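Mapping the sequence shown onto UniProt numbering, position 50 (from 1) lands on 50, and the numbers just tick up by one. For every residue, glycine included, the Cβ atom is placed at its ideal position computed from N, Cα and C. All of these numbers come straight from a predicted model, not from anything done at the bench. In what follows, a structure is listed as structure tokens, so that the remarks can point back to it.
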Amino acid sequence: MTAELVRDVMTPGVVAVRPDASLVEAARLMRAQDIGDVVVADGQRVVGLLTDRDITVRAVADGVDPQTVSAQSVCTPDPLTVAPGDPVTQAVALMRTHAVRRLPVVEDGLPVGMVSLGDIAEARDPGSALADIVSADPDDRGLL
């Protein structure tokens, strides 16, 4: 059966940080949760999306102090979002058009999950190389 709606493929639940959280706090949360992104939320409203790459490219590479720089100052503000009832094809189209790999899932203004290219690959094409990579244990990588 092919997943038709975002709710069928999304990762439920949201890991979030406050806009004023330090990059160190956000990075530690990502490590503890074994994830590569967190939602930046002001109360229950999504104000941004912060990825491990954002921390690396927009902060560490510029030599800023990750203890003093806020998540909001480095995150992608006002990220594109989808709803749980949106078609997966709509999420794919947004990802393709805007060259993003993940989208917060928002319902009635509240973040309820995240959908990534990997989630879609696992659901739609479980035998694909991308699905294999996504499902692999990141701590069990062989050396090339």
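Apart from the 5 residues on each side of it in sequence, Q90 sits with its Cβ closer than 7 Å to the Cβ of V82 in its chain, given in chain order. For R45, the enclosing beta strand (DSSP E) begins and ends at 45-51.
The straight-line gap separating the alpha-carbon atoms of V39 and D108 is approximately 16 Å. CA-CA distance, R18 to V106, rounds to 17 Å.
Bounds of the beta strand (DSSP E) holding M114 are 110-116.
The Cβ atoms of V9 and V115 lie closer than 8 Å to each other.
For V46, the closest of A121, A99, E4, L80 by C-alpha to C-alpha distance is L80.
In terms of Cα proximity to D34, the closest of D52, A123, R96 is D52.
In the three-state DSSP reduction, E122 falls in the helix class (H, G or I). Sequence-distant Cβ neighbours of V92 in its own chain, meaning closer than 8 Å and more than five residues away, are I120. The continuous beta strand (DSSP E) containing E107 extends over residues 102-107.
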